[in-house]
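J.: Following my numbering, the residues of the sequence shown are numbered contiguously, the last one being 458. Positions of the beta carbon are idealized from the N, C-alpha and C atoms, including for glycine.
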Amino acid sequence: MLPKHLLRPILFSLGCTLAFQAGAETADEAPTPEQVKAAATLQGQLPLQELRNFTEIFERIRSAYVEEIDDKTLFDYAIKGMLTSLDPHSAYLQEEAFTDLRESTSGKFGGLGIEVGMENGLIRVITPIDDTPAEKAGIRAGDFIVTLDDEPIMGLTLSEAVERMRGEPGSKISLEVRRGEENELLSFTLERAEIKVASVRTEMMSGDIGYVRITQFQEHTGAELKKALQKWAEDGKLNGLILDLRNNPGGVLDAAVDVVDAFISSGVIVYTKGRNPQSELRFEATADTVAGDIPVVVLINGGSASASEIVAGALQDHKRAVIVGTQSFGKGSVQSVLPLTETSAVKLTTARYFTPNDRSIQAQGIVPDIVVEQSEVTPYEERYYKESDLPGHLSNPTVKAKNDASEKTSATKESASEKKDSGLLKKDFQLYEAHTLLRGVSILSPVRVNASEG
């Protein structure tokens with residue numbers, strides 16, 4: 005065991021008065037009345053035998069481990085082990101990790117541009133972020149990172165693996181990846197870069213269908229989305245909206261609430277439940293809705309997590325959008341960041357998310373209304389002769405010559421719009437299906453959104 009003069013401060017650091025009990029055998033070390041009272045109070049709260057075991061193990065490591073380790077490092081290791089053993093998302097954030105967390109919510113950070121989690125001792129890719137070294141190199145959601153710079157991942161904590169992937173922009177790192185049914189590991193060499201994530205990207209597709217891609221929920225995501233919707237409204241007709249949340253790892257909760265609030269004007273958006281009453285929150289929609297009547301399709305997949313699932317679940321429960329794609333990741337837990345010092349904090353799972361219809365997202369995710377697996381669109385060309393191809397066919401008397409020019413102009417305009425997004429639609433079957441669905445809705449009940457609406 006530790007000498008008594010060392011045992012006492014260690015147990016004090018754990019909030020325990022066991023040291024005074026251990027030292028009560030001699031008169032000169034007898035505890036004071038205040039210490040006895042504190043020990044009696046804490047004895048019902050802290051497992052004293054387990055604390056004795058801890059100090060025993062601490063001393064054995066300190067005295068017998070093959071290399072000398074200072075006390076501060078051992079305590080840091082103990083804290084890390086305590087938190088990482090709880091669940092995959094709780095963590096001890098020391099200076100670099102704490103800085104990375106703050107940078108990621110602002111949309112600017114250094115590294116590879118990859119959202120990861122721990123699974124069976126390996127690093128699982130939740131999603132590569134758009135236009136980052138990881139995405140450009142071909143890293144995919146669901147990949148397992150096996151080695152970093154030829155060193156195995158097995159045995160590292162998630163924070164340690166992430167720290168190795170961080171580095172100066174321009175520096176390189178090699179990864180070996182296990183993917184699905186591939187027999188061999190896939191090798192990648194990535195060049196680190198300063199990651200600047202564009203939270204909201206927009207594009208007008210054919211048929212006056214708006215396309216919004218949210219890559220990550222950041223502080224200003226809600227405001228950026230509303231700005232884009234208002235601009236489209238001012239420009240004229242908007243028949244529908246595709247909200248693409250695929251491979252979106254989540255982010256700031258308030259941003260997810262703002263996004264849902266853009267589409268509904270009343271009701272619950274999300275609420276949380278935890279053991280501590282302070283962790284129980286409830287978010288409701290406001291009347292400040294900019295797109296209350298636009299038909300919406302939300303795209304999700306296995307890389308859609310956390311805040312993405314909050315948005316999809318809320319719009320699904322309110323029957324405000326059709327959810328298309330594949331089942332989402334299933335991260336329905338809330339992490340609270342509890343600062344310890346200016347440079348360190350504890351990230352602790354404190355609650356679970358629930359959708360308006362009381363569904364827990366945790367380990368279940370959001371199941372799409374229409375399941376569409378990803379693939380490329382490969383049209384099969386067919387050629388049929390039509391009446392207009394027959395020699396001497398009768399003309400159509402209802403088509404007037406004066407309409408020919410306007411119809412040709414309209415057709416040319418539509419053709420140009422279709423040409424613009426045809427490449428994307430052919431490569432992305434889920435997007436193709438979402439676009440087709442909204443085109444059908446707009447044909448049956450076209451919606452014109454004016455700037456004054458909402």
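Go through the segment 144 to 214 residue by residue and report every complete run of the alpha helix (DSSP H) that reaches 4 residues or more, in order.
T.: Taking only runs of at least 4 residues, the alpha helix (DSSP H) segments lying wholly in the segment 144 to 214 are 162 to 169.
J.: So is GLY184 buried or exposed if we call it buried at 16+ other beta carbons inside 10 Å?
T.: Under this definition GLY184 is an exposed residue.
J.: Measure the CB-CB distance between SER332 and ALA309 and report whether it falls below 8 Å.
T.: In contact: SER332 and ALA309 (Cβ atoms closer than 8 Å).
J.: Compute the Euclidean distance between the alpha carbons of SER283 and VAL120, then round it to the nearest angstrom.
T.: Rounded to whole angstroms, SER283 to VAL120 spans 25 Å at the Cα level.
J.: Could you say which of THR131, ASN187 and PRO281 lies nearest to THR354 if we only look at CA atoms?
T.: The residue with the shortest Cα to Cα distance from THR354 is PRO281.
J.: From LYS176, LEU257 and SER191, pick the residue whose C-alpha is nearest to that of ARG144; which is it?
T.: For ARG144, the nearest C-alpha among the options comes from SER191.
J.: Would you tell me roughly how many angstroms separate the C-alpha atoms of ARG106 and VAL371, rounded to the nearest one?
T.: Roughly 31 Å between the two C-alpha positions.
J.: For the segment 428 to 444 against the segment 238 to 249, are there 3 or more C-beta pairs whose distance is under 8 Å?
T.: Result yes; three or more Cβ-Cβ pairs closer than 8 Å.
J.: Need the endpoints of the alpha helix (DSSP H) that ARG56 sits in, please.
T.: Per DSSP, ARG56 belongs to the alpha helix (DSSP H) from 52 to 68.
J.: What are the boundary residues of the beta strand (DSSP E) that GLY121 is part of?
T.: Taken as a continuous stretch (DSSP letters only), the beta strand (DSSP E) holding GLY121 covers 118 to 123.
J.: Given that a residue counts as buried once 16 or more other Cβ atoms are within 10 Å of its Cβ, and exposed if not, what is GLU54?
T.: With fewer than 16 other Cβ atoms within 10 Å, it is exposed.
J.: Where DSSP assigns a beta bridge to SER364, which residues make up the other side?
T.: The partner list for SER364 (beta bridge, DSSP) reads PHE358.
J.: If you run the structure through DSSP and keep just helix, strand and coil, what is VAL371?
T.: Residue state, collapsed to three classes: coil.
J.: Leaving out five residues on either side along the sequence, give the residues of the same chain with a beta carbon under 8 Å from the beta carbon of ASN252.
T.: Closer than 8 Å at the Cβ level, and outside the excluded window around ASN252, lie THR131, ILE218, THR219, GLN220, PHE221, GLY307, SER308, ALA309, ALA311 and SER312.
J.: Considering just the uninterrupted stretch of the alpha helix (DSSP H) at ARG443, what are its terminal residues?
T.: Note, ARG443: alpha helix (DSSP H), 433 to 448.
J.: Tell me which residues share the same chain as PRO92 and place their Cβ nearer than 8 Å to its Cβ, disregarding the 5 neighbours each side in the sequence.
T.: Here the set comprises GLY121, MET122, GLU123 and LEU162.
J.: Would you mind stating whether THR136 and ILE199 have Cβ atoms separated by less than 8 Å?
T.: Yes, Cβ-Cβ distance for THR136 and ILE199 is below 8 Å.
J.: Compute the distance between the beta-carbons of ASP321 and THR359, then report whether it is under 8 Å.
T.: A contact, by the Cβ cut-off of 8 Å.
J.: With DSSP as the reference, label SER340 as helix, strand or coil.
T.: SER340: strand per DSSP, three-state reduction.
J.: Give me the residue from ALA237, ALA259 and ASP248 with the minimum Cα distance to GLU228.
T.: When only C-alpha atoms are compared, the closest one is ALA259.
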